[in-house]
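Protein chains in written order, with the UniProt record's numbering: chain A, 1 to 231; chain B, 1 to 292; chain C, 1 to 337. C-beta atoms are modelled at their ideal positions from N, C-alpha and C, and glycine is treated no differently.
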Amino acid sequence: MLIGRGITSGYRGEPVLRDVAITVPDGVTVAILGPNGAGKSTLFKTLIGLLPLQGGSVHVDELDISQMPPYRRVRAGLGYVPQLGRIFPSLSVRENLEMGGFTLTKELTDRIDTVLELFPDLRVAMKQSASNLSGGQQTMLGMARALMLQPKIMLLDEPTAGLSPLYAAKVWESIRNIANAGIGVLTIEQNVTFALEQSDQAYVLVNGQNTSHGRSSDLKGRSDVEGLFVG
Amino acid sequence: MHILIQSIGYGLVTASVIAIGAVGLSLQFGVTNFVNFAYGEFLTLGAYIGYFVSTQAHFNVFVGIVAAMAVTGLLAVLLDQVVFEPFIRGRPNLVVLLIVTVALSLILQNLYQIVFTTDFRRYAAPSNTQYSVGDINFTGSQLLIIAIAITAIGALQILLKYTKLGKAMRAMSDSADLAQASGINTRLVTRAVWLISGMFAGIGGVVLAINVYNVQPTLGNSYLFLFFAAVIMGGIGKPWGALISAVVLGIVIEVSGAYINAAYKGGLAFLILILVLLLRPRGLFSSRRRTV
Amino acid sequence: MLFYLIEIVTLIAINVIFALGLNIQFGYVGVLNVGYIAFVAIGAYITAVTSLGNTENGFTQLYILHWNVPWPLPVLFGGLAAAAVGLLLATVTLRNLRADYLAIATLSLAQVLYTIVANNDSLFNGAQGLAGVPRPFDAQLADASQEVYGLVFLIIAVIFAAILFLATRQLQRSPLGRFMRAVREDEVVAESFGRRPLVARLAALGIGCFFAGIGGGLLIEYQTAFGSQAWFPLETFIIFAAVIVGGTGNNLGAVVGAAIVLVGINESTRFLPASIPSELVGPGRGVLIGVLLILFLRFRPQGLLPETRVRLYGRRIETPDNPELPTPPQTADATTS
Ligand SMILES: Nc1ncnc2c1ncn2[C@@H]1O[C@H](COP(=O)(O)OP(=O)(O)O)[C@@H](O)[C@H]1O
Ligand SMILES: [Mg+2]
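This is the structure we're talking about:
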């Protein structure tokens with residue numbers, strides 16, 4: 001379980017997020033909705049430790065990870081796929097996965113095999129440069145990389161952006177598979193209706209602050225939520 | 001015609017010297033994302049160590065190289081720990097880091113003047129035997145320089161391609177943030193990169209001293225912009241690119257040096273650098289042309 | 001004592017000009033010109049060869065142009081020549097948004113120019129450099145004592161420094177000046193000004209190098225001679241130290257920094273124990289300046305007189321009542337100061 005309390009953070013001392021709270025239970029998919037520039041990506045960067053907390057705390061289960069550098073947060077159970085630059089383009093597909101399993105030694109090859117069961121498309125491309133993959137495949141590779149260390153929580157920043165509806169559905173199928181394995185998944189979605197159909201819970205973030213939170217099925221159809229992107 | 005062929009031979013020697021410096025500089029530039037203006041001074045220190053060990057104490061040239069690698073490698077790691085890490089923790093502007101490296105260059109160069117004086121130290125060539133390779137004559141020292149360059153760069157290439165540490169270095173060159181967020185201890189990798197970059201400076205310094213027969217406080221600095229030229233031509237963080245660019249630069253410099261005033265050799269290299277910046281700012285071997 | 005005072009204040013005034021120019025590049029817009037001293041040299045040499053004419057003033061020396069235009073035109077030519085070279089270099093290298101490329105290119109340019117000038121006697125008399133450069137009002141003040149002439153030159157230098165200081169302040173308050181700082185702070189916000197960030201960087205490079213050239217021209221007229229030993233890399237760092245110690249981005253800081261660093265260097269070497277060999281004084285100074293720079297950047301990066309920060313972040317800049325509202329793009333004023 002991931003618990004963020006009173007999260008305040010931003011760039012060069014200027015807060016973008018103010019007092020944001022978020023909880024991601026194990027095995028549950030949670031979507032974050034909000035207009036462009038609301039601070040969704042900033043929240044993810046803060047959770048993974050690429051941006052320092054200016055206030056508040058982040059816990060994985062009972063463990064306080066608020067002051068840890070990113071690589072230790074990963075070892076504490078977080079997996080992260082950023083919005084841009086999800087892969088290492090000058091590495092091969094296999095090497096990308098090896099970087100995700102950097103701390104593994106003997107069990108590396110086995111782990112790669114296990115992870116690839118979720119993403120069979122990647123298996124044929126293992127020796128290729130990751131930069132040759134299509135956008136959707138790059139997202140899959142990023143997710144596979146983040147799964148290498150068997151995380152408790154996955155952070156996926158707009159995993160379906162720019163994908164065809166068909167491929168987006170495929171990505172969500174993978175997401176549900178990940179959640180069924182007991183991993184909590186926090187995602188950011190552009191398409192509100194689609195996100196509320198797919199996810200278990202949702203948070204709405206506007207101007208760097210929480211506004212609503214609830215079960216996705218309850219939020220569906222509420223004009224203040226679904227109208228976010230119209231205006 | 002003979003002059004041309006012979007100067008191509010010298011070009012390969014000069015290229016080897018430039019390649020070692022450029023590859024060491026490029027590796028660290030690619031991973032840490034800021035260029036080290038004190039790298040010339042790292043080489044100078046290596047050259048002095050080589051001089052003291054091999055010329056003054058009469059040890060074998062390889063003993064001198066290993067000693068130089070140890071000292072410059074340690075210097076690089078020390079500077080990373082004491083100077084760069086505290087700065088980087090404060091997430092500074094790129095420009096601030098650049099000035100810090102230029103200030104380090106100034107400090108080191110002046111320290112050498114104080115400790116080693118400004119005297120030219122004559123480096124004793126390891127071998128003056130003449131060898132003919134095809135139509136080109138080389139001294140034993142010159143062949144040694146080429147062999148050292150090939151060995152060092154080959155070894156680095158193996159490290160980058162086949163080891164976990166090397167792959168992590170390449171991953172950090174792509175994106176240090178993604179590397180951290182994938183679980184790579186980027187601080188450790190950064191330290192290793194400084195160590196290797198420093199060791200290359202040690203090799204480069206000795207090789208430079210062998211090539212020009214002497215050592216003085218500005219030795220490395222006067223080659224720095226040739227390293228830069230090779231790094232930019234080759235594309236930042238691409239050791240192979242730096243190597244090929246070094247060969248191009250070395251040959252152009254030496255061939256033109258056979259026909260024009262030696263003082264303009266550097267000017268020619270600068271012209272090449274400017275042309276590259278103008279036409280292919282991401283390096284000769286990048287697939288993309290310039291970004292606007 | 002009086003003569004020493006006149007001399008140091010004159011040198012401070014000239015260094016204030018250097019620091020103001022570097023501050024526009026490094027402080028306002030954040031471009032790093034590591035070869036700044038080469039532009040000072042360009043200004044100095046061009047001032048010399050446009051004022052020496054054929055007289056040679058008793059020296060046997062080779063040089064180009066042989067012009068003899070009335071003062072203060074030579075100084076102006078020096079400034080323009082430096083600005084032209086700076087702009088040319090910047091146009092080539094600044095298409096890349098990376099600060100390091102310009103730094104590398106300027107360092108390389110300085111090194112290459114240095115070798116070419118020092119090894120080619122027909123340009124500016126080789127490594128020895130030019131001597132016997134005419135001083136302003138030399139003929140009118142032929143009978144004046146050293147002190148009186150020194151005082152006149154001091155006034156000239158201070159007037160130049162004051163004019164350039166006021167011009168810099170105007171620039172800082174102008175839309176272009178605000179745009180420059182926006183570019184330094186945040187490329188994305190700068191885009192909202194409706195102009196390309198490249199314009200700000202080019203303008204800063206050109207204007208800053210112009211200052212370097214003017215200062216160089218005054219320097220060679222004051223010393224009446226200038227050779228390659230006058231533009232060692234260390235000299236660039238004295239100017240960087242002045243800007244950083246004074247307060248990056250702050251014009252008054254550049255003035256204060258230039259005074260402190262110059263007086264500091266002069267005084268500290270005066271009180272060195274006599275036992276220190278004289279050949280160590282120069283290198284010791286270099287080490288000291290380097291350490292001072294790093295310590296300031298680490299522990300007081302804002303300098304002694306911090307720049308007053310303007311808010312440039314986020315959406316705040318678009319609120320209508322914000323006094324720092326970006327001005328609508330104007331087509332003509334982008335390159336004028
Ligand atoms: N690297 C950055 N530096 C400064 N400000 C940034 C940076 N990245 C994002 N911002 C600002 O932070 C705010 C939130 O951005 P972000 O978290 O990316 O929004 P989104 O919800 O679309 O993911 C925006 O106002 C944006 O301008
Ligand atoms: Mg985003």
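Proximity test, Cβ basis, 8 angstroms: residue i and chain B
i: residue 312/C; result: Bear in mind that a pLDDT of 46 at residue 312/C, under 50, signals an unreliable position, so the number given afterwards is only what the model happens to contain. Answer no: the Cβ-Cβ gap between residue 312/C and chain B never drops below 8 angstroms.
i: residue 145/A; result: yes
i: residue 334/C; result: Here the model assigns residue 334/C a pLDDT of 36, short of 50, so the residue's position is not dependable and the matter cannot be decided.
i: residue 48/A; result: yes
i: residue 364/C; result: With chain C running from 1 to 337 in the structure shown, residue 364/C is simply not present.
i: residue 167/A; result: no
i: residue 361/C; result: Since the first residue of chain C shown is 1 and the last is 337, residue 361/C is not available in this structure.
i: residue 283/C; result: yes
i: residue 234/C; result: yes
i: residue 341/C; result: With chain C covering only 1 through 337, there is no way to say anything about residue 341/C.
i: residue 214/C; result: no
i: residue 243/C; result: no
i: residue 289/C; result: yes
Beta-carbon proximity check, residue i vs residue j, cutoff 8 angstroms
i: residue 27/B; j: residue 196/B; result: yes
i: residue 146/A; j: residue 79/A; result: yes
i: residue 8/A; j: residue 56/A; result: yes
i: residue 30/B; j: residue 227/B; result: no
i: residue 105/B; j: residue 38/B; result: yes
i: residue 238/A; j: residue 43/A; result: The requested residue 238/A does not occur in the structure, where chain A is confined to residues 1 to 231.
i: residue 201/B; j: residue 18/B; result: no
i: residue 86/B; j: residue 298/C; result: yes
i: residue 203/A; j: residue 87/A; result: no
Rounded distance between the beta-carbons of residue j and residue i, thought under 8 angstroms
i: residue 82/C; j: residue 209/C; result: 5 angstroms
i: residue 214/B; j: residue 112/B; result: Actually they do not touch by this definition, with Cβ atoms about 14 angstroms apart.
i: residue 64/C; j: residue 100/B; result: 39 angstroms between Cβ atoms; not a contact.
i: residue 143/A; j: residue 171/B; result: Not quite, the Cβ-Cβ distance comes to about 17 angstroms (not below 8 angstroms), so this is no contact.
i: residue 227/C; j: residue 129/C; result: 3 angstroms
i: residue 133/C; j: residue 220/C; result: 5 angstroms
i: residue 190/B; j: residue 80/B; result: 7 angstroms
i: residue 38/C; j: residue 113/C; result: 5 angstroms
i: residue 31/C; j: residue 204/C; result: 6 angstroms
Beta carbon proximity, residue i to chain A, threshold 8 angstroms
i: residue 185/B; result: yes
i: residue 78/B; result: no
i: residue 284/B; result: no
i: residue 201/B; result: no
Chain C within 8 angstroms of residue i, Cβ atoms only
i: residue 272/B; result: no
i: residue 27/B; result: no
i: residue 83/B; result: yes
Any non-hydrogen atom of ligand 4 closer than 7 angstroms to residue i Cβ
i: residue 17/B; result: This structure lacks ligand 4; its bound ligands are ligand 1 and ligand 2.
Threshold first: 4 residues or longer. Then list the alpha helix (DSSP H) segments lying entirely within the segment 212 to 273 of chain B, N to C. 221 to 234 and 239 to 259
Let me know the alpha helix (DSSP H) ranges lying completely inside the segment 242 to 315 of chain C, each 4 residues or longer, listed in chain order. 251 to 270 and 281 to 299
Using a Cβ-Cβ cut-off of less than 7 angstroms, give me the residues of the segment 73 to 104 of chain C that come near chain B, in sequence order. For the segment 73 to 104 of chain C, residues whose beta-carbon sits nearer than 7 angstroms to a beta-carbon of chain B comprise 92, 93, 95, 96, 99, 100, 101, 103 and 104.
According to a CB-to-CB cut-off of less than 8 angstroms, which residues of the segment 87 to 101 of chain B neighbour chain C? 87, 92, 93, 94, 95, 96, 98, 99 and 100
Below 8 angstroms between beta carbons is the criterion; list the residues of the segment 32 to 62 of chain B that meet it against any residue of chain C, in chain order. 34, 35 and 37
In the segment 75 to 105 of chain A, which residues sit with their C-beta less than 7 angstroms from some C-beta in chain B, listed in chain order? 75, 80, 82, 85, 88, 89, 90, 91, 95, 98, 99, 100, 102 and 103
Contacting positions in the segment 137 to 163 of chain A - beta carbon closer than 7 angstroms to chain B: 145 and 149
If contact means a Cβ-Cβ distance below 8 angstroms, which residues of the segment 154 to 185 of chain B contact chain A? 164, 167, 168, 170, 171, 173, 174, 175, 177, 178, 179, 180, 181, 182, 183, 184 and 185
Against chain B, which members of the segment 112 to 146 of chain C pass a CB distance test of less than 7 angstroms? 112, 115, 116, 119 and 120
Threshold first: 3 residues or longer. Then list the beta strand (DSSP E) segments lying entirely within the segment 117 to 205 of chain A, N to C. 153 to 156 and 184 to 188
Using a Cβ cut-off of 9 angstroms, which residues of the segment 54 to 77 of chain A contact any Cβ in chain B, in chain order? 69, 70, 71, 72, 73, 74 and 75
Enumerated in chain order, which unbroken segments of the alpha helix (DSSP H) with a length of 4 residues or greater are wholly contained in the segment 29 to 70 of chain C? 36 to 49
Select from the segment 108 to 136 of chain B all residues with a C-beta closer than 9 angstroms to any C-beta belonging to chain C, and list them in chain order. 108, 109, 110, 111, 112, 113, 114, 117 and 118
Alpha helix (DSSP H) runs wholly inside the segment 70 to 101 of chain A, at least 4 long, in chain order: 70 to 75 and 93 to 100
At what residue ranges does the segment 113 to 199 of chain B contain a whole run of the beta strand (DSSP E), taking only runs of 3 or more? 130 to 133 and 136 to 139
Where in the segment 20 to 88 of chain B do unbroken runs of the alpha helix (DSSP H), each at least 4 residues long, occur, reported from the N-terminal end onward? 39 to 50 and 61 to 79
Sequence ranges, beta strand (DSSP E) only - wholly within the segment 180 to 244 of chain C, length at least 3: none
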